[in-house]
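In our numbering, the protein residues as written are 136 to 245.
Built from N, CA and C at the ideal position, the CB exists for glycine as well.
First the structure, in the form of structure tokens, and then the observations on it.
Below, the structure is given as structure tokens:
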């Protein structure tokens, strides 16, 4: 970037560029910054959830309340993350066919 592009004092521009913060940062659920909220009905269930949280190294706020319905949806979503689906690459026209005929893909199965 040339000096002539910025209209104003160069010192101000440099200070402005150096300062700032990352606004696009993702906060991961289950960490210190964003703990998972879990509501359970009994102390025995709380012990089970604490063991599960310790096993997966997740931070969670566990509340025991017999009057409320059990809510472990956030914990289940953090533990059972969906895996990325990878599809097989389709062969190019001039590649050998995958059926084993020995012909080119464009002459056999395309």
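- prompt: Should residue 184 be labelled buried (16 or more other beta-carbon atoms within 10 Å of its own) or exposed?
  reply: Per the 10 Å Cβ criterion, buried.
Have a look at residue 162 and residue 196 and give me their C-alpha separation to the nearest angstrom.
As the crow flies, the alpha-carbon of residue 162 is around 17 angstroms from that of residue 196.
For this session: Please confirm whether residue 245 and residue 213 have their CB atoms less than 8 angstroms apart.
Result: Taking 8 angstroms as the Cβ cut-off, residue 245 and residue 213 do not qualify as a contacting pair.
Report the start-end ranges of each alpha helix (DSSP H) in the region 174-215 that is 4 residues or longer and not cut off at the edges. The qualifying runs are 178-191, 208-214.
What is the C-beta distance between residue 215 and residue 174, in whole angstroms, given that I count them as a contact (C-beta under 8 angstroms)?
That belief does not hold up - the Cβ atoms of residue 215 and residue 174 are roughly 19 angstroms apart, past 8 angstroms.
(Q) Quick check on DSSP: helix, strand or coil for residue 239? (A) It is a strand residue.
Between residue 198 and residue 181, what straight-line distance do the alpha-carbon atoms span, to the nearest angstrom? Between the C-alpha atoms of residue 198 and residue 181 there is a straight-line separation of about 8 angstroms.
**Prompt:** From residue 233 to residue 226, what does the alpha carbon distance come to, in whole angstroms?
**Reply:** If I take the Cα positions, the gap works out to 8 angstroms.
Review point. Nearest-angstrom Cα distance between residue 279 and residue 241?
Key: Here the chain comprises residues numbered 136 to 245, so residue 279 is not present and cannot be evaluated.
May I have the straight-line CA-CA distance separating residue 220 from residue 192, to the nearest angstrom?
Between residue 220 and residue 192, the C-alpha separation is close to 25 angstroms.
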